[in-house]
Structures are given as C-alpha cells and as structure tokens.
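The numbering of the sequence shown is our numbering, which starts it at -13 and goes up by one.
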Amino acid sequence: MPSRKKSGIFATAFLTCVCSFVIICVVLATQHWISSKVHFPATNSSTTVSLTYGLFGGTCEQFSAGLLVPGKNFQVAAMLNNAKAKGIITAIIVILVLSLLVSLLSSGFTCTNVVSNPYQTFLGPIGVYTWNSLCGIFVLLAMILFPVNVEGNGLSVELARGCFPALQTHVKSEHTYGYSYWIMLLIIFLNIASIIIMYFYDHARYSKKKEQERPIENEPKDVILF
C-alpha cells in the first residue's frame, strides 16, 4: 500500500486532472467561444450582423438602419462553404476530443497511484507526465487554430453570409473571444500544476533514496570490508 504522503500528493494531482476533464467538456459544450460584429455596406446605411458561436452552433442577429432582424440559431458546419474553414473547425473538435481522452487517462493513472505503487511502470509518474503534457499541447494547439481560422479564413464573415445570404461584401469585422475560449488557459495551467506536483514528488523520492545510500558510501573501507 502507498504511504499516506504519496496518496495525498497523487490525490491532489487526480483532482487537477478531473478539473481539466470537466473544463474540456464545458469548452466543447458551450457556444461562447467568440462574439463577432460583421459590417456590410448598404444603400443608405451599413448593416451589422452580430454573432455568438462555438464549435458546433451559435446565434446571429442583423441590425440594419436601426432595425433589428430577429435572431436565429445556426449550426456552424451547415453554414460553412469554405472547405478550409470547415476543415480547421473539424480539426479543433478532434483535437479537443483527444485531449478529453488523454485527460481521462491521466485521471485514471493518478487514481491508480493513490491506491498502489506502480513506480517502475508507465502507470507511475512517467505516465502522468506524458498524458498531462499531451493534454496541454492539444489544448494549446486548439487555442492557436481557432483565431487563425477566424482571422485567416474569415470564419465569422462566412457564418454571417450563411445566416443572411443577401449580404456579400463585408467592410470590417470586430471580434471578442468569450469565456469558452479563455478557460482553455485554465486547462493548460491545471496540466502544468499536475506535472509540477509529480516532479516534486519524484524529486523528493529520489533525494530520500540517495540519502539512504549515502551512509554506506561514507563508511571507512575497512568497515565495509568487514
């Protein structure tokens, strides 16, 4: 059975992994990744389409000449004609699903270490390092790809045109990233925290092992021979 200290350390790491798993679920499920205002020219005044959306769906409204056109819900994939933009959205979803699975594995590994001592196997600290590192990398990649899709492929503009096909040439766009996007930073911090916890535990265990070996190394040679 593991010591109480080891169980406590790995239980803390387990909680950080579970929190990471829950937050990834929130990121995938919510539609507050970004709010955009896309401006289109009109005969007498400009038309503005306001969108709030996530990876799967969102809502859009149109403001024209001081009048509000009733908003509607939309599915992101159904509104996109740009194959590149749709491909990046699909890639982000796949990456986050992979990070979800990796986070689940990390939770399982830390839970295993709470009740057992798999030091010399991949189930030990090495496995926890690996899965948390992969999860952090996946989430960081998703955070990079999404704004690249918005700015580089005109994701919000494409969705605005999908919602209101009569609008074509846009003047400018304004974007504000929402909590569904920014809480991914918390996932990265939680993964870093898990790695730091494992590092200090592993370092303390190694230092204790070296101290236990030191008295034999410091004994006089004649005593050792005896």
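Don't be surprised by glycine CBs; every beta carbon is placed ideally from N, CA and C.
Buried/exposed call for residue i, threshold 16 Cβ in 10 Å
{"i": "Gln154", "result": "exposed"}
{"i": "Glu144", "result": "buried"}
{"i": "Ser31", "result": "exposed"}
{"i": "Ile210", "result": "In this predicted model, Ile210 has a pLDDT of only 44, less than 50, meaning its place in the structure is not dependable; the value taken from the coordinates is given anyway. Classification of Ile210: exposed, given that the 10 Å Cβ count is below 16."}
{"i": "Val62", "result": "buried"}
{"i": "Ala64", "result": "exposed"}
{"i": "Phe212", "result": "Confidence is the limiting factor: at Phe212 the pLDDT is only 40, short of 50, which leaves the residue's position unreliable, though a coordinate-based value still follows. When all chains shown are included, Phe212 counts as exposed."}
{"i": "Ile10", "result": "buried"}
{"i": "Asn135", "result": "buried"}
{"i": "Lys58", "result": "exposed"}
{"i": "Gly113", "result": "buried"}
{"i": "Pro111", "result": "buried"}
{"i": "Ala152", "result": "exposed"}
{"i": "Ala71", "result": "buried"}
{"i": "Leu53", "result": "exposed"}
{"i": "Tyr187", "result": "buried"}
Check whether residue i and residue j have beta carbons under 8 Å apart
{"i": "Ile20", "j": "Gly164", "result": "yes"}
{"i": "Thr96", "j": "Ala(-1)", "result": "yes"}
{"i": "Thr247", "j": "His18", "result": "Given that the chain is displayed from residue -13 to residue 212, the structure contains no residue 247 and the question cannot be resolved."}
{"i": "Thr16", "j": "Gly44", "result": "no"}
{"i": "Ser142", "j": "Val55", "result": "no"}
{"i": "Ala128", "j": "Ile182", "result": "no"}
{"i": "Phe(-4)", "j": "Ser93", "result": "no"}
{"i": "Leu66", "j": "Gly148", "result": "yes"}
{"i": "Phe26", "j": "Ser36", "result": "no"}
For residue i: DSSP bridge partner residues
{"i": "Thr33", "result": "Phe26, Ser50"}
{"i": "Lys158", "result": "His25"}
{"i": "Thr38", "result": "Ser21, Thr45"}
{"i": "Asn59", "result": "Thr45"}
{"i": "Tyr163", "result": "Ile20"}
Neighbourhood of residue i by C-beta distance below 6 Å, restricted to the same chain and skipping five residues each side
{"i": "Phe124", "result": "Ile81, Leu84, Ser85"}
{"i": "Val88", "result": "Trp117, Leu120, Cys121"}
{"i": "His156", "result": "Val24, Phe26, Val143"}
Closer than 8 Å to chain B by CB, residue i
{"i": "Ile74", "result": "Going by chain labels, chain B is absent from the structure shown, which holds only one protein chain."}
Sequence-distant residues of its chain with Cβ nearer than 7 Å to residue i (five each side left out)
{"i": "Ser(-7)", "result": "Val100"}
{"i": "Gly122", "result": "Ile174, Asn177, Ile178"}
{"i": "Val13", "result": "Leu82, Ser166, Ile169, Met170"}
{"i": "Thr2", "result": "Leu176, Ala179, Ser180"}
{"i": "His161", "result": "Ile20, Ser22, Val136, Ser142"}
{"i": "Asn68", "result": "Asn139, Glu144"}
8 Å contact criterion, which residue i and residue j should meet: CB distance rounded
{"i": "Ser22", "j": "Ser159", "result": "6 Å"}
{"i": "Cys5", "j": "Ala146", "result": "At roughly 35 Å, the Cβ-Cβ gap does not stay under 8 Å, so Cys5 and Ala146 are not in contact."}
Neighbourhood of residue i by C-beta, 8 Å cutoff - its chain only, sequence neighbours within 5 removed
{"i": "Phe60", "result": "Tyr39, Gly43, Gly44, Thr45, Cys46, Leu145, Gly148, Cys149"}
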